[in-house]
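Plus 144 on top of the position in the sequence shown (first one is 1) and you've got my numbering.
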Amino acid sequence: MTASNEAEFDARDLRRAFGNFATGVTIVTTVDADGQPHGFTANSFSSVSIEPPLLLVSIAKSAYGCGIFTAARGFAVNILTQDQRDLSNRFARAGADKFLGLEWQTKASGSPLIDDVVAWFDCEHHEQVDAGDHIILIGRVLQYSYNTHAPLGFCRSAYISFGLTPPMLQMISSPGSLRVGAIIESNGKILLERDPDSGQLLPPISDNVGDADSPESLLGKLASAGIEVDLPFIYAAYHENSRRCVYYLGELQSIGEAVETGRLRFYDFDHITWEEINDTATISMLERFIREKQLDNFSTYVGDRETGETHPA
Ligand SMILES: Cc1cc2nc3c(=O)[nH]c(=O)nc-3n(C[C@H](O)[C@H](O)[C@H](O)COP(=O)(O)O)c2cc1C
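Okay, here's the thing in structure tokens:
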């Protein structure tokens, strides 16, 4: 998708284009004249300068907190861990009471420094730049702290994890045969394959990821049906008896015409024939996918086929 005439830029599309830049997630905080804490979720954070120590974050002029932030003595940037997705959602909602039940401390600027974040930076205002529908807050760092917790990531409107979590790594490296599969969605439909012997439906699977030139591999099987995908995230990793199952969340790149006539077919979410999927673990994974797709908020399942946990993806 290419757009070249500013006068015709579609705001949602431009936001989507900017959203291809993978970032961390922060909560930017301050206190108002009455000592009340305020904060909002932001991924526009950037480091600016080492000497002097400067950083920036931009706040929408339409945000409830905009006037409070520009009038305050300073602000703080709290970088979230991959376990703080709920906190990110909480501070992305407009309004008050965002700090209810939350533990925080303050340093020189008086802005809330949230407990258990990856890093925080306490800042005084250095400069404010009027920039279109946002104000860029440039802060001078007065004090900071950081640790080795895994940071939360954000890209294309979804939270992401930057690496394999320890339970996932343990699961993938344990012995046993391997099944790799892909959950591939397009316009409210999901790609399923009919097994020629049993007649059962399953997401496309193989015993290796491979590439487009190896017909037995997952990517090869998809390529011969005219489907090109990227596999950026692991969606589920679980044990099924002695077999390890790893399902990727596939991002469709291109699709040929052969798909609707071959063993692989896209099924409308509402028209999946669940009785043809003879596997409760696959059913619960697909049900979770459909639920999360509607919220556009994916997580990763790690465990065995009966018990496990979902983690922020
Ligand atoms: C991941 C994520 C990143 C965001 N980044 C920004 C940002 O950089 N600047 C901004 O003004 N709003 C950003 N928002 C939206 C604000 O968090 C949201 O508008 C919030 O309601 C503002 O709070 P307030 O209206 O109570 O001040 C982001 C939201 C999310 C979920």
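Backbone N, C-alpha and C fix where the C-beta goes; we use that ideal spot for every residue, glycine too. Owing to the predicted nature of the structure, the values given are computational and were not obtained by experimental measurement.
When burial is assigned at 16 or more other CB atoms within 10 Å of the CB, is residue i buried or exposed?
{"i": "R229", "result": "buried"}
{"i": "R159", "result": "exposed"}
{"i": "Q226", "result": "buried"}
{"i": "D339", "result": "exposed"}
{"i": "Y379", "result": "buried"}
{"i": "G320", "result": "exposed"}
{"i": "T185", "result": "buried"}
{"i": "N331", "result": "exposed"}
{"i": "N233", "result": "exposed"}
{"i": "A425", "result": "buried"}
Output the distance between the C-alpha atoms of residue i and residue j, rounded to the nearest integer angstrom.
{"i": "E268", "j": "F219", "result": "6 Å"}
{"i": "L362", "j": "L345", "result": "16 Å"}
{"i": "M312", "j": "S318", "result": "10 Å"}
{"i": "K333", "j": "M429", "result": "15 Å"}
{"i": "F306", "j": "A166", "result": "10 Å"}
{"i": "Q272", "j": "N164", "result": "26 Å"}
{"i": "F162", "j": "D341", "result": "46 Å"}
{"i": "H415", "j": "A204", "result": "42 Å"}
{"i": "G370", "j": "L231", "result": "41 Å"}
{"i": "E360", "j": "A367", "result": "10 Å"}
{"i": "Y382", "j": "V353", "result": "17 Å"}
{"i": "Y288", "j": "E436", "result": "36 Å"}
{"i": "D357", "j": "Q438", "result": "34 Å"}
{"i": "P196", "j": "H270", "result": "10 Å"}
{"i": "P376", "j": "E384", "result": "23 Å"}
{"i": "D277", "j": "A207", "result": "10 Å"}
Less than 8 Å between the C-beta atoms of residue i and residue j, yes or no?
{"i": "E198", "j": "G283", "result": "In the sequence as presented, Glu is not what sits at residue 198; that position holds Leu. Against a cut-off of 8 Å, the Cβ pair of G283 and L198 comes out as a contact."}
{"i": "F298", "j": "V169", "result": "yes"}
{"i": "A238", "j": "T174", "result": "no"}
{"i": "E372", "j": "S398", "result": "yes"}
{"i": "G364", "j": "D355", "result": "yes"}
{"i": "D374", "j": "E395", "result": "yes"}
{"i": "D241", "j": "S255", "result": "no"}
{"i": "I171", "j": "I258", "result": "yes"}
{"i": "G211", "j": "H182", "result": "no"}
{"i": "F213", "j": "L286", "result": "no"}
{"i": "I427", "j": "I434", "result": "no"}
The segment 189-201 contacting the segment 151-162, beta-carbon criterion three pairs below 8 Å:
With a cut-off of 8 Å, the segment 151-162 and the segment 189-201 do not count as touching, because too few Cβ pairs lie within range.
Three or more C-beta pairs under 8 Å: does that hold for the segment 288-296 against the segment 257-275?
Touching, yes, given that three or more Cβ pairs across the two stretches are closer than 8 Å.
Is it true that the segment 348-362 meets the segment 317-327, where meeting means three or more beta-carbon pairs spaced less than 8 Å apart?
Taking one beta carbon from each stretch, the segment 348-362 and the segment 317-327 have 3 or more pairs nearer than 8 Å; the two touch.
Cβ pair count under 8 Å reaching 3, the segment 383-390 against the segment 408-417
Remark: fewer than three beta-carbon pairs, one from each stretch, lie closer than 8 Å, so the segment 383-390 and the segment 408-417 are not flagged as touching.
May I have a chain-ordered list of the alpha helix (DSSP H) segments no shorter than 4 residues that lie completely inside the segment 222-295?
229-235, all fully within the segment 222-295.
Note down, one range per segment and in chain order, each alpha helix (DSSP H) of at least 4 residues found wholly within the segment 353-430.
For the segment 353-430, whole alpha helix (DSSP H) runs of length 4 or above, ordered along the chain, are 362-368.
Start-end ranges of the beta strand (DSSP E) lying completely within the segment 307-343, minimum 3 residues
Those beta strand (DSSP E) runs which fall completely within the segment 307-343 and span 3+ residues are 322-330, 333-338.
Which parts of the segment 157-226 are runs of the alpha helix (DSSP H), unbroken and 4 residues or longer, counting only runs that do not cross its ends?
With a minimum length of 4 residues, the continuous alpha helix (DSSP H) runs that stay inside the segment 157-226 are 210-215.
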